[in-house]
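Residue numbers (my numbering), protein chains in the order written: chain A, 494 to 731; chain B, 26 to 230.
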């Protein structure tokens, strides 16, 4: 799969002397890195500046917060029977034991598996990009898309706790307050989102033999095997 | 610096493709890494304004009315989104409160307001003030609006509470459901489309 993809890697902007604007999608020739886009004014960059360092910084910070997020209580329930501290996992266990398997699964996936998966996946992406590894580039690209897609859903637990804390305030009978853990948990979600936003997926493909040495703009090329038939790329919106 | 108008550069892998004119409902994906290259905008902005207006109305209902109400031993308690944020801030969780406020209220509201600001003058063939900056802000805000995640959070909270007390869904809950559906449609419009529209309509400024 990897070999197949690298063999058919089309011409790349870096080697063709082109820069694409990330914001408005325009393409420029003879533009220097850091110059503002003539259409929308965004600074043009071949790669996001300092991408790997920034991603590492956010990622390490997220890893540090992941520990308190799972160990400290996220929710404190005070009823007539006494106070009860809940961590993320104890909440899952509570639902599982009480028979709400679906709900237990949703919370377990969104609050425990997704952040863990995101940290691990970002780690893999950054390390392989740093080593300019040739390993499973297409799968790594898909992994990045997946991280971008699922990252936000970990905020679920933060919203649940916020809502419960606002709602269950019946003095004496039942009161729910937010625990410190939820602050750490929110930090993990935000930090991993910042990490995936500062990671440049183009770095995954750096080091691929380009196959095209000329700096002719793609528009002048008639060799369709190199510009990779765009018809393949077009399909119906769902 | 010269524009190359008939090329796409993939945001995911830097591959260069020959640009093709997209038909209605068509999308272009990079065959190499799967990143979306472009989508057809066409007349989408005409549908966008009424949808944005509807979203704004739903947004107001969703935030002004209580989301859920609980009843326990004859005692009632209910909350709006802002109420929950204030309660969190009162417990010394102001950072979490700000995070919730920003992702469920502030950012989605900003997105809707920016869209209205850009789309309303468009109907009279005018380009709104601060066009470039606002289109860019739209794209920056995009990952941070989390209304749909909040809706799932409300549902989980309701199930959690149902063992403790009687739960009565409020008007805002239905508004949130409608808002989630509307926002999904509105946000499927890529802000890049504004630049395409600008070009296809010639110089309007």
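Virtual Cβ for every residue (Gly too), placed ideally from N, Cα, C.
Cut-off 8 Å between Cβ atoms - residues of its own chain near residue i, not counting five sequence neighbours on either side
i                     : result
residue 198 (chain B) : 92, 93 and 179
residue 146 (chain B) : 152 and 153
residue 657 (chain A) : 568 and 669
residue 506 (chain A) : 512, 513, 520 and 539
residue 162 (chain B) : 135 and 139
residue 88 (chain B)  : 105, 106, 107, 130 and 197
Outcome for residue i when other beta-carbon atoms lying within 10 angstroms are tallied against a minimum of 16
i                     : result
residue 151 (chain B) : exposed
residue 590 (chain A) : exposed
residue 674 (chain A) : buried
residue 743 (chain A) : No answer is possible for residue 743 (chain A): the residues shown for chain A start at 494 and end at 731.
residue 43 (chain B)  : buried
residue 46 (chain B)  : exposed
residue 594 (chain A) : exposed
residue 628 (chain A) : exposed
residue 221 (chain B) : buried
residue 648 (chain A) : buried
residue 543 (chain A) : exposed
residue 129 (chain B) : buried
residue 216 (chain B) : buried
residue 209 (chain B) : exposed
residue 483 (chain A) : Residue 483 (chain A) cannot be examined here, being either before or after the span of chain A that is shown, 494 to 731.
residue 642 (chain A) : exposed
residue 634 (chain A) : buried
Residue i in three-state terms, based on DSSP
i                     : result
residue 568 (chain A) : strand
residue 102 (chain B) : strand
residue 668 (chain A) : strand
residue 107 (chain B) : helix
residue 49 (chain B)  : coil
residue 150 (chain B) : coil
residue 701 (chain A) : coil
residue 512 (chain A) : strand
residue 69 (chain B)  : helix
residue 76 (chain B)  : helix
residue 653 (chain A) : helix
residue 40 (chain B)  : strand
residue 706 (chain A) : For residue 706 (chain A), the predicted model reports a pLDDT of 35, less than 50, meaning its position is unreliable; a value from the coordinates is still stated below. Three-state result, residue 706 (chain A): coil.
residue 116 (chain B) : coil
residue 93 (chain B)  : strand
residue 535 (chain A) : coil
residue 217 (chain B) : helix
residue 133 (chain B) : helix
Sequence-distant residues of the same chain with beta carbon closer than 7 Å to residue i, five excluded per side
i                     : result
residue 677 (chain A) : 558, 561, 562 and 565
residue 699 (chain A) : 625
residue 190 (chain B) : 95, 96 and 97
residue 681 (chain A) : 555, 558, 559, 562 and 608
residue 203 (chain B) : 83
residue 176 (chain B) : 201, 202 and 205
residue 51 (chain B)  : 65
Contact with chain B by residue i, beta-carbon distance below 8 Å
i                     : result
residue 513 (chain A) : yes
residue 518 (chain A) : yes
residue 567 (chain A) : no
residue 541 (chain A) : no
residue 648 (chain A) : yes
residue 660 (chain A) : yes
residue 638 (chain A) : yes
residue 656 (chain A) : yes
residue 698 (chain A) : yes
residue 580 (chain A) : no
residue 535 (chain A) : yes
residue 614 (chain A) : no
Spatial neighbours of residue i in its chain, beta-carbon cut-off 6 Å, leaving aside the 5 residues before and after
i                     : result
residue 103 (chain B) : 91 and 94
residue 125 (chain B) : 110
residue 164 (chain B) : 216
residue 53 (chain B)  : 62 and 63
Contact with chain A by residue i, beta-carbon distance below 8 Å
i                     : result
residue 78 (chain B)  : no
residue 75 (chain B)  : no
residue 95 (chain B)  : yes
residue 214 (chain B) : no
residue 171 (chain B) : yes
residue 70 (chain B)  : no
residue 225 (chain B) : no
residue 154 (chain B) : no
residue 211 (chain B) : no
residue 83 (chain B)  : no
residue 167 (chain B) : no
residue 87 (chain B)  : no
residue 113 (chain B) : yes
residue 162 (chain B) : no
residue 204 (chain B) : no
residue 200 (chain B) : no
Counting only runs that start and end within the segment 574 to 651 of chain A, where is the beta strand (DSSP E) found for 3 or more residues in a row?
575 to 579
Ordered list of alpha helix (DSSP H) runs contained in the segment 151 to 211 of chain B, each at least 4 residues
156 to 166 and 172 to 186
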